[in-house]
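Notes follow the structure.
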Amino acid sequence: QVRLIESGGGLVQAGESLRLSCAAAGRTSSTFARGWFRQALGKERKLVAEILWGDGFTEYEASVKGRCTISRDIAKNTMDLYLNNLTPEDTAVYYCAATGSDSKYVYWGQGTQVTVSS
């Protein structure tokens with residue numbers, strides 16, 4: 661079993677930056693990828709960014725590309741998401757997630773609320 665615990669989030673002003681962190685525990689040695697998803701009120705959960713745990717390859721959703729960085733610390737088994745130039749459209753619950761040995765996301769954190777005020 662894998663446990664994911666997010667930290668960060670809260671209320672921020674438009675134009676500011678945000679850092680979210682995700683700490684993993686348990687049987688994480690076979691994780692293929694980890695990512696950050698977000699779900700705005702009344703909308704589907706969507707992938708924001710992901711990182712392949714082995715080689716660090718990253719991918720970003722179009723709306724955050726250029727103002728978002730996902731990173732990992734293998735030694736600490738943590739993952740961070742930096743999101744800059746926030747807008748109210750970034751308001752959502754952000755979830756840390758991890759795959760098993762394939763590319764399917766099966767482990768989820770409890771979520772952390774990010775609210776961007778204009």
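Numbering (my numbering), first residue to last: 661 to 778. C-beta atoms are modelled at their ideal positions from N, C-alpha and C, and glycine is treated no differently. Everything numeric in this text was worked out from a predicted model, so none of it was measured.
Check: Segments of 3+ residues assigned as beta strand (DSSP E) that fall wholly inside the stretch 718 to 749; Outcome: 718 to 720, 728 to 733 and 738 to 743
Check: Short Cβ contact (7 Å threshold) for A709 with W696; Outcome: yes
Check: Run of the beta strand (DSSP E) containing Q661, from where it starts to where it stops; Outcome: That residue, Q661, is in no beta strand (DSSP E); it is neither H nor E in DSSP.
Check: C-alpha distance - I730 paired with D740, whole-angstrom precision; Outcome: 6 Å
Check: DSSP three-state assignment for R687, whether helix, strand or coil; Outcome: coil
Check: Buried versus exposed call for D715 [16 or more other C-beta atoms within 10 Å across all chains shown]; Outcome: exposed
Check: Option in T759, D733 and Q770 with minimal Cα separation from F692; Outcome: T759
Check: CB-CB length for R705 against A685, believed under 8 Å; Outcome: Going by Cβ atoms, the distance from R705 to A685 rounds to 23 Å, so no, they are not a contact pair.
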